[in-house]
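Once you know that position 221 of the sequence shown is 221 in the UniProt record's numbering, the rest is easy, because the numbers rise by one and skip nothing.
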Amino acid sequence: MSRYNFLVNNASVNHVNKLKKSCTQNPFNKKINNNNNNNNNNNNNKLKVFLQYSWDNEPHKEWVLELANRLTSDGVDLCFDRYDLKVGSNHHHFMEKIESCKKVILIMSSGYKVKADTRSGGIGYEYQIMSNEIAAELSSNEKFIPVLRDGDAKNSIPRVLQPLVFLDMREDKLFEQRYLELLHLVYDEPIIKKPKLGTKPIFDKGSLFSKMPLLVNRKALADSLLKENQLRISKKVHDIVANSIYSLMIEIEDGIEIDREKVLDGLENIYEKSRDIAYDKSDFVQPKFHDTLSDLLTSFANDSIKIILVGNTKQIWANIDKQKEYKLKTIMQELMVNMQKHSGATQVLWRFTRSGNQVDVFYQDNGVGMEKDQLLGNGLKNVKKLVKVLNGEIDFSGGKDNGLTIHISFLVIINE
Numbered sequence: 001m002s003r004y005n006f007l008v009n010n011a012s013v014n015h016v017n018k019l020k021k022s023c024t025q026n027p028f029n030k031k032i033n034n035n036n037n038n039n040n041n042n043n044n045n046k047l048k049v050f051l052q053y054s055w056d057n058e059p060h061k062e063w064v065l066e067l068a069n070r071l072t073s074d075g076v077d078l079c080f081d082r083y084d085l086k087v088g089s090n091h092h093h094f095m096e097k098i099e100s101c102k103k104v105i106l107i108m109s110s111g112y113k114v115k116a117d118t119r120s121g122g123i124g125y126e127y128q129i130m131s132n133e134i135a136a137e138l139s140s141n142e143k144f145i146p147v148l149r150d151g152d153a154k155n156s157i158p159r160v161l162q163p164l165v166f167l168d169m170r171e172d173k174l175f176e177q178r179y180l181e182l183l184h185l186v187y188d189e190p191i192i193k194k195p196k197l198g199t200k201p202i203f204d205k206g207s208l209f210s211k212m213p214l215l216v217n218r219k220a221l222a223d224s225l226l227k228e229n230q231l232r233i234s235k236k237v238h239d240i241v242a243n244s245i246y247s248l249m250i251e252i253e254d255g256i257e258i259d260r261e262k263v264l265d266g267l268e269n270i271y272e273k274s275r276d277i278a279y280d281k282s283d284f285v286q287p288k289f290h291d292t293l294s295d296l297l298t299s300f301a302n303d304s305i306k307i308i309l310v311g312n313t314k315q316i317w318a319n320i321d322k323q324k325e326y327k328l329k330t331i332m333q334e335l336m337v338n339m340q341k342h343s344g345a346t347q348v349l350w351r352f353t354r355s356g357n358q359v360d361v362f363y364q365d366n367g368v369g370m371e372k373d374q375l376l377g378n379g380l381k382n383v384k385k386l387v388k389v390l391n392g393e394i395d396f397s398g399g400k401d402n403g404l405t406i407h408i409s410f411l412v413i414i415n416e
């Protein structure tokens, strides 16, 4: 079927209702910046992007439609056939818009490759339009974003695109992570940014201290390094041993019947971790805050509870001080303990975004939720107090039997 005749041949009411139902029932089908006002400020400077794909089958078409909806909700102004083409539209004129768009997202599949390589159908016509531009962009491509949806490189990527690195979106369980990467590519905001080039060090007979002033106090330096190492060991004890003990306490507290063997195994595991730290004489690198958070939050995962983290990168927590790190860890631990005790959730999503100096933290679970005017327990009251100490804001939403959604926002550096 031609993908330009869908309004006539595929306008099934049942199909549309089914798609709407699937979208609304998915608690994680939300835009990345649903509380970010930047999109409202940029309405006059929209990013025009062409979304190209092949109508291989109904599941593939629905997946692309949901992707288009997510991108649109995150401020991407799409040229998308299922938005723009209606009965009587000039589909050739629509396809020629590919030249004027700043970016082109190429959803590659087995059917897509056949049409592109043989120059057949709508895909073939579009490739005739953009073939010269693709050839010119191959050495320093910034316009075309290849996305592999199914198959493999040999069977789904057209010959002309084989040299390009592609974004792999074949695994649905990795969708949130890959979608965030796609957004960064669309907006030319690299997840990993190259730091500013520094200056060449001064080498003096191979001395490790060649970059230091000649009058540096070596004893003071040694004392400082010793103190730093002691602090690192203390933090390692806290992060590894204390968190393990806390997790074990939660299991004992929540257990209806105490499994003596399981408790002993847990204590033995904690003892081995403590012993390893005590005998570890080598220097170790202090864990980065995003790694510490990842370890803390995923420690609550088990066979019944799935934990999903999106956007927890080093860049999100840049320049945050140690006091805020400690308070944030306490907040997130309280929320996870509350989830474990009261929500009955089987899936928890944590999402982190940053705009300039502001960090937004989103928590969402699919548990029992809470009434709009329901009184908060001690754990959630403590969370509100800690957010207030951060000079931040917290918002609870959801509803009974509709899961719990929490939005926390704060400034990394408070301007006095």
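Just so it is clear, CB atoms sit at the ideal spot from N, CA and C, and this is done for glycine as well. All of these numbers come straight from a predicted model, not from anything done at the bench.
Check whether residue 340 and residue 306 have beta carbons under 8 Å apart:
no
Roughly how many angstroms separate the alpha carbons of residue 383 and residue 361, rounded to a whole number?
13 Å
C-alpha gap between residue 48 and residue 318, whole angstroms
Residue 48 and residue 318: Cα-Cα distance of roughly 31 Å.
Excluding the 5 residues preceding and the 5 following residue 401 in the sequence, name in chain order all residues of the same chain whose CB lies nearer than 8 Å to its CB.
Within its own chain, the residues whose Cβ lies closer than 8 Å to the Cβ of residue 401, once the five positions on either side in sequence are excluded, are 368, 369, listed in chain order.
Please list, in chain order, all residues of the same chain as residue 311 whose beta carbon is under 7 Å from its beta carbon, the five residues on each side excluded.
So the qualifying residues of the chain are 180, 351, 352, 353.
Neighbourhood of residue 413 by C-beta distance below 8 Å, restricted to the same chain and skipping five residues each side
319, 357
Quick one: what does DSSP say residue 405 is sitting in, helix, strand or coil?
strand
Starting from the C-beta of residue 95, find all residues in its chain whose C-beta is less than 7 Å away, skip the five residues before and the five after it, and write them out in chain order.
122, 125, 126, 129
Taking residue 162 as the reference, give the member of 196, 226, 116, 201 with the closest Cα.
The residue with the shortest Cα to Cα distance from residue 162 is 116.
Just to confirm, are residue 143 and residue 103 a CB contact at a threshold of 8 Å?
yes
For residue 191, the nearest candidate out of 315, 252, 88, 300 (CA to CA)
315
DSSP-derived helix/strand/coil call for residue 383:
Correct three-state label for residue 383: helix.
If contacts are defined as beta-carbon pairs under 8 Å, then residue 331 and residue 386 qualify, I think. What distance do you get, rounded to the angstrom?
5 Å
With a floor of 3 residues, list each beta strand (DSSP E) that falls wholly inside the segment 317-404, ordered by position along the chain.
347-355, 358-365, 393-398
Where DSSP assigns a beta bridge to residue 107, which residues make up the other side?
147
Given residue 333 as reference, the closest of 298, 177, 374, 185 once Cα atoms are compared
298
If you count every other CB in all the chains shown that lies within 10 Å of the CB of residue 281, and 16 or more means buried, which is it?
Note that residue 281 scores 47 on pLDDT, short of 50, meaning its location in the model is unreliable and no value can be drawn from it.
Return the first residue and the last residue of the beta strand (DSSP E) that residue 52 is part of.
47-52
Opening and closing residue of the beta strand (DSSP E) in which residue 172 lies
First-last for residue 172: undefined, no H or E at that position.
For the alpha helix (DSSP H) that residue 64 lies in, which residues bound it at each end?
58-73
Please name the residue or residues paired with residue 79 in a DSSP beta bridge.
50
Would you list the residues sitting across from residue 411 in a DSSP beta bridge?
Bridge partners of residue 411: 358.
For the beta strand (DSSP E) containing residue 194, list its first residue and its last residue.
Note, residue 194: premise wrong, no beta strand (DSSP E); not H, not E.
Coarse secondary structure for residue 305, derived from DSSP in three states:
coil
Beta-carbon proximity of residue 167 to residue 147, cut-off 8 Å
yes
Starting from residue 85, trace the alpha helix (DSSP H) in both directions and tell me its first and last residue.
Run containing residue 85: none; DSSP gives neither H nor E here.
Consider the C-beta atom of residue 317 and the heavy atoms of the ligand ZN; say whether any pair is separated by less than 7 Å.
Only the bare structure without any ligand can be found here, which leaves the ligand ZN out of the picture.
Which whole-angstrom value describes the C-beta separation of residue 145 and residue 98, a residue pair presumed to lie in contact below a C-beta threshold of 8 Å?
Contact doesn't hold; Cβ gap of about 13 Å is too wide.
DSSP beta-bridge partners for residue 241?
Answer by DSSP bridge pairing: none, since residue 241 is not bridged.
Which residues in the same chain have their Cβ closer than 7 Å to the Cβ of residue 379, if we skip the five residues on either side of it in sequence?
334, 337, 338
Bridge-paired residues (DSSP) for residue 310:
351
List the whole-angstrom C-beta distance separating residue 237 from residue 327, where the pair is believed to meet the contact cut-off of C-beta under 8 Å.
That belief does not hold up - the Cβ atoms of residue 237 and residue 327 are roughly 20 Å apart, past 8 Å.
Within 8 Å of any Cβ in chain D, is that where the Cβ of residue 187 sits?
Of the chains in the structure shown, none is chain D; there is only one protein chain.
Residues in its own chain within less than 6 Å of residue 89 by CB, not counting five upstream and five downstream?
Only residues of its own chain outside the window of five on either side were considered, and among them none has a CB closer than 6 Å to the CB of residue 89.
Can you list, in chain order, the residues of its chain with a C-beta nearer than 7 Å to that of residue 80? Leave out the 5 residues immediately preceding and following it.
51, 68
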